[in-house]
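The next block holds one structure in the form of structure tokens; read it before the comments.
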Amino acid sequence: MRDDLLNDIKEVIYNEERYGFVAHGGLFFSRNIAGDIMENVASFGNGVEVDVCRNYDYFEVFGLTKEEQKSLSEWYY
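Numbering of the sequence shown is given in our numbering, commencing with residue 5 and proceeding in unit increments.
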């Protein structure tokens with residue numbers, strides 16, 4: 005597991021929430037199918053991205069392994 009990467013993702017989410025965006029909707033690991041407007045807030049290379057939907061208050065994180073997804077979910081919820 006890439007602990008440094010997970011810590012960087014956590015910092016992005018923390019900072020987004022700290023500066024006014026609060027995700028009530030949650031954390032997802034696949035693209036929305038509703039066509040919500042997304043904003044990329046971080047790119048870490050190797051396909052790891054963090055997008056946010058400000059209209060519906062949720063994050064999407066892409067490029068993590070299942071183990072990393074689980075670890076991030078446990079931290080977030």
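Don't be surprised by glycine CBs; every beta carbon is placed ideally from N, CA and C.
For residue i, the residue or residues it bridges with in DSSP
i   : result
Y62 : G30 and C57
Closest Cα partner of residue i within the set the options
i   : options               : result
N59 : G30, N50 and D12      : G30
G49 : G67, A38 and D61      : G67
V16 : E43, K70, I37 and E71 : E43
A27 : F33, Y18, S34 and R35 : Y18
R35 : K70, E78, C57 and S77 : C57
Span separating the alpha-carbon of residue i from that of residue j
i   : j   : result
I41 : D55 : 10 Å
G51 : V45 : 14 Å
H20 : Q73 : The question names His, but residue 20 in the sequence shown is Glu. Approximately 19 Å, taken between the alpha carbons.
A38 : Y62 : 13 Å
N11 : S75 : 11 Å
Residue i, DSSP secondary structure in three states
i   : result
N19 : helix
N11 : helix
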